[in-house]
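J.: Numbering (the numbering used here), first residue to last: 906 to 1217.
(1) Rounding to the nearest angstrom, what Cα-Cα distance links residue 1162 and residue 1048 in this structure?
(2) According to DSSP, is residue 1008 part of a helix, a strand, or is it coil?
(3) Is the CB of residue 1047 under 7 Å away from at least one CB in chain B?
(4) Can you tell me whether residue 1172 is helix, strand or coil according to DSSP?
(5) Can you give me the Cβ contacts of residue 994 inside the same chain, cut-off strictly under 7 Å, excluding the 5 residues immediately before and after it?
(6) Let me confirm a value: residue 1192 is counted as buried when at least 16 other C-beta atoms fall within 10 Å, else exposed. Which label applies?
(7) Touching or not, the region 1043-1057 and the region 929-949, by the rule of three or more beta carbon pairs under 8 Å?
(8) With residue 869 and residue 1148 assumed to form a contact (beta carbons below 8 Å), what rounded beta-carbon distance in angstroms separates them?
(9) Can you tell me whether residue 1156 is buried or exposed? The criterion is at least 16 other CB atoms within 10 Å of its CB, across all chains shown.
(10) Need the endpoints of the alpha helix (DSSP H) that residue 1073 sits in, please.
(11) State the beta-bridge partners of residue 1001 as determined by DSSP.
(12) For residue 1109, which of 928, 1019, 1030 and 942 has the nearest alpha-carbon?
(13) I'd like to confirm something about residue 1012: is its beta-carbon nearer than 6 Å to some heavy atom of the ligand PLP, or not?
So, in structure tokens, the structure goes:
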């Protein structure tokens, strides 16, 4: 008699169309998972579009950038611009002051923090701009790739349906179940989904078209022309007309801004501490002044000045 492992392999070898069965069962297991991944990618792009377009603080910062750019280009034809190329956003930190003590991004953050503080009546500790992590998944999405993968999944679905029918046709009755029941149930649920237009390849094609339209609306909002897209180009206007490049640009800028905001809060905290410390020293010095200061007031102005200097 054979040992259990060998006997198991022998039994498997007797099953009709065994490799095809395994292939169909594996596809059945991962089909919904792949659709779920497509849904997450497209949903991430939709949410990222909403964040970039409707965040009021971000709109305010872009207004600052435009105003400062026009001021710096004053006296030239570029000093009356109505907008700017988003590709300059990562370069703001490279524009430094004449004394080289700070850069343009730091100055914008300083002005933004001042406006927010005056509006709220207190220091805004948390950066009001979107978290760059919220764009992470959207920055990995390319519509062409999603479309190609949906096409591949659709072809695989047809292929495995054909393979399942071959297994049904060429298998002996005693080896037909439970494979047939499992695969029939899978395609039955798939048919129900098709009637309800839910969780199918075609429903995700519709979702892809809707998401692409939302993204096109966003880049049109920022004046980006997607007529000639060069995905291998640097951060130019044309290369930004793709979700992966577009949102990576924003992630880079928002990450720099968030770090700069934290540094600005530290600077403000140091200034506030210095002011409080200065006031504390004044109060301390006032407390140690002699209670009988008639001597100081009885002398000439120069003598009084000398004594105040001595006490301080």
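Where a beta carbon is used, it is the ideal one built from N, C-alpha and C, also for glycine.
T.: A quick look at the data gives this:
(1) 28 Å
(2) DSSP, read as helix, strand or coil, puts residue 1008 in strand.
(3) In the structure shown, chain B does not exist; there is a single protein chain.
(4) helix
(5) 1154 and 1158
(6) exposed
(7) yes
(8) Here the chain comprises residues numbered 906 to 1217, so residue 869 is not present and cannot be evaluated.
(9) buried
(10) 1048-1075
(11) DSSP, once it has assigned bridges, lists 1008 as partnering residue 1001.
(12) 942
(13) No copy of the ligand PLP occurs in the structure displayed, which carries no ligand at all.
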